[in-house]
Structure formats: C-alpha cells, structure tokens
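For reference, the structure discussed in these notes is given below.
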Amino acid sequence: MSLSIVKSVLPGGVIEIAPRGEIDVDTAYEVREAIAEVLTKGRPGRIELNMRLVTFIDSVGISAMVAGFQTAEVSGVKLVVTEPSRFVHRQLWVTGLLGLFGAPEPYYAGAPTPEVLPGA
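So this is what it looks like as structure tokens:
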C-alpha cells in the first residue's frame, strides 16, 4: 500500500498534515519531508499530524515522527498527533512516545463527536 499526504490550514493558522495509508521503511521519508516543507514555508503556531487514516506504522515510521517533532521543536513550533488510529495509538503507547505527541485519544470510527456547550 502507498502513502498519500494532505496538508490543510485550520483556524488559528494551525497546519494539519494528514497521512493516509502505511508509514513504513518505504514511505516514512514522506512524513519527514511534509513536516520540513511546512516549516520552510513559515512558522505556524502548531502542526497537527492527523493519524486517523494511517493503517500501519513501523519503527522507521515512528522514527520519522520523532525526527519531525524534533525539527519542529527546534523551529519553535509545537507538533502534536491528533486522532491516531487504534494501531498508531497502540504503537505510540508501546514505545512510550504517546506523551511526547500530546497523549491523544485513539480515533474510533462512528464515535460521537463531543458536544460544545454554548458559552463553554
């Protein structure tokens, strides 16, 4: 399986990088390059790595995420993981890296979206 990456600008100037597919020895460099490209174009307040559509990640993929985190940190930009698939969440938990990426809860398809109360 291949990897595709979509970049979006969210409210507040947050940049979202959303990989889809497998992040492994053959595709991990694409994640590193996507983060580096965002940082060469500017300094967003935050980069969100949305991992909802990642079906597999190996140690090389995890290493690419850590390298991206370090590159962002040196640039003064916070990089966090959002909506990790259950597989990605498990890999980050097992490796002890869940906290490094903001300790996100795993994404469950069909889970209700949290309601925001008026005035909250």
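The C-terminal position of the sequence shown is numbered 120 in the UniProt record's numbering, with every residue numbered one higher than the one before it. Yeah, the Cβ is synthetic: ideal placement off N, Cα and C, and Gly gets one too.
Item: Are there 16 or more other CB atoms within 10 angstroms of the CB of P104, so buried, or fewer, so exposed?; Value: buried
Item: Taking DSSP's pairing of strands, which residues face E16 in a bridge?; Value: S8 and E48
Item: Quick check: V80 and R46, are their CB atoms within less than 8 Å of each other?; Value: yes
Item: By Cβ distance, which residues of its chain are closer than 8 Å to I15, with the 5 residues on each side in sequence left out?; Value: K7, S8, V9, V38, P44, R46, I47 and E48
Item: Would you kindly work out how many angstroms separate the C-alpha atoms of A34 and V54, rounded to a whole number?; Value: 15 Å
Item: Could you compute how far the alpha carbon of A36 sits from the alpha carbon of I5?; Value: 13 Å
Item: Can you grab the Cα-Cα spacing for the pair V94 / K41, in whole Å?; Value: 34 Å
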